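Visitor: Protein chains in written order, with this note's numbering: chain A, 1 to 219; chain B, 1001 to 1227.
Just so you know, even glycine gets a beta-carbon here, dropped at the ideal spot from N, CA and C.
Here the structure is a predicted model, which is why all the values come from computation and not from measurement.
Pasting in a structure now, in structure tokens, and then I'll have a few things to ask.
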């Protein structure tokens, strides 16, 4: 068979729309994930408290249950429980955000706990306490440990946006699949979007590895 | 909020369709096992060695294969395998076969990196010491490097099993009769989505917890042997 680029050229508005939906889902999930992840991390840092246990339960629940199951459950059960109409895109993005929060919380915690104890003691010896100690001593070092895994999870998040195709959200992969059904040119369309995902995700993944190597060399 | 959905819970429906849901869950477990053994261990090991080969003609294709399968979503891979692969090759595959094939390739890419990191993680001094003792390359690999590499590989490799289990739920998109597909069909047939989806979610969570528990036990066991 020959590869017909015209299929892509003729259908680019739909693919572009799908790409924008994918971006929007990623943005919503990222915002929710970072906010709730930070709150969960704060809970985890209060060792042994009720909040710590609550955060731990949340994290293990969202890291153990398959994302697809959570998305299906939320999409089909929330309208019946709360008597509200929900859009698949919003529900799906929120679920992906809640899942991301569980991973982000552990990344934040590992970063903060990865800063050697001596740094806190040294800062205190220099008379730094409270906010300045946090802002000028702990945070810059913790960020170095957090950024590479955060960037890496970001690629996972982009890949997870495709799961919303399961509940009929017309993001990039579902658009391509539907167009494939209409035109019978699955090879062109599916290969093109696979390559598009690769073109976005691979550089980000390389960047995350580069950052990790750089920060490791610096410490 | 309407809690009557829960107070009017129809346990009869759950009871009647539990066998069908469990059968779906079994498909997920089967895919997880096959994906881990064929993809993670067999193909993962082959790719790890190919990626460390001296010959560029072996190393580069392996590198591209691993990076491509790591940097694209499984859902796209599965759909591509089912709809584009047969057109290109002329083989027609059932949804289960295409889903399994995509899963195996996806898992092999992730696991090959773990295996490669484990083998490269054995200190250089071990190679030098083995050579200084006059051991042949084969003996060095089998008696010195391999046992140490396995110790580095097993804990992260068992950690991938839970990710594989979560990933199998994605394959329901291809109409494989797995847990999610069974739940979707039963809930539209019985018009009891809350009961069916909640049961499916609990089954998936429990299976995931069991997998995590076994994984952590295996890790503890392995760490203890190390000493």
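1) Within its chain, find whatever has a CB closer than 6 Å to the CB of residue 1017 of chain B; leave out the 5 residues flanking it on each side and keep chain order.
2) Any beta carbon of chain A sitting closer than 7 Å to that of residue 1076 of chain B?
3) For a cutoff of 7 Å on Cβ pairs, would you count residue 1093 of chain B as touching chain A?
4) Output yes if chain B places a C-beta closer than 7 Å to the C-beta of residue 84 of chain A; else output no.
5) Using 8 Å as the cut-off, can you tell me whether the segment 52 to 70 of chain A makes contact with the segment 1159 to 1171 of chain B, which would need three or more C-beta pairs spanning the two stretches below that distance?
6) Among B:1034, B:1112, B:1019 and B:1183, whose alpha-carbon lies nearest the alpha-carbon of residue 1198 of chain B?
7) Does any CB atom of chain B fall closer than 7 Å to the CB of residue 186 of chain A?
8) Under a Cβ-count criterion, where at least 16 other Cβ atoms within 10 Å of its own Cβ denotes burial, should residue 1178 of chain B be classed as buried or exposed?
9) If you measure from the beta carbon of residue 1035 of chain B to each beta carbon in chain A, is any gap under 7 Å?
10) Are the beta-carbon atoms of residue 1073 of chain B and residue 26 of chain A separated by less than 7 Å?
11) How about residue 1047 of chain B and residue 1112 of chain B: are their beta carbons less than 7 Å apart?
12) Please tell me whether residue 1036 of chain B and residue 1161 of chain B are closer than 7 Å, where the distance is taken between their beta carbons.
13) Would you mind listing the alpha helix (DSSP H) stretches within the segment 1014 to 1095 of chain B that are 4+ residues and don't spill past its ends, in chain order?
14) Between the Cα of residue 93 of chain A and those of A:218, A:167, A:9 and A:7, spot the shortest distance and give me the residue it belongs to.
15) Please tell me whether residue 171 of chain A and residue 179 of chain A are closer than 7 Å, where the distance is taken between their beta carbons.
16) Looking only at its chain, what residues have a beta carbon closer than 8 Å to the beta carbon of residue 110 of chain A, apart from the 5 residues adjacent to it on each side?
17) Output, in sequence order along the chain, the residues in the segment 186 to 211 of chain A whose CB is closer than 8 Å to any CB in chain B.
18) Mark residue 1104 of chain B as exposed unless 16 or more other C-beta atoms lie within 10 angstroms of its C-beta, in which case mark it buried.
19) Specify the secondary structure class of residue 154 of chain A as computed by DSSP and reduced to three states.
20) At a CB-CB cut-off below 7 Å, which residues of chain A make contact with residue 977 of chain B?
21) If you measure from the beta carbon of residue 1190 of chain B to each beta carbon in chain A, is any gap under 7 Å?
22) Mind listing the chain B neighbours of residue 73 of chain A? Cutoff is C-beta to C-beta under 8 Å, in chain order.
Guide: With the given structure in hand:
1) 1186
2) yes
3) no
4) no
5) yes
6) B:1183
7) yes
8) Around the C-beta of residue 1178 of chain B, 16 or more other C-beta atoms lie within 10 Å, and the residue is accordingly described as buried.
9) no
10) no
11) yes
12) yes
13) You should have 1044 to 1052, 1056 to 1070, 1074 to 1083 and 1085 to 1089.
14) A:167
15) No, these two residues do not count as a Cβ contact at 7 Å.
16) 145, 146 and 149
17) 186, 187, 190, 191, 193, 194, 197, 198, 201, 202 and 205
18) Residue 1104 of chain B is buried by the Cβ-count criterion.
19) helix
20) A query on residue 977 of chain B cannot be resolved here, the shown segment of chain B reaching from 1001 to 1227 and no further.
21) no
22) 1197, 1198, 1200 and 1201
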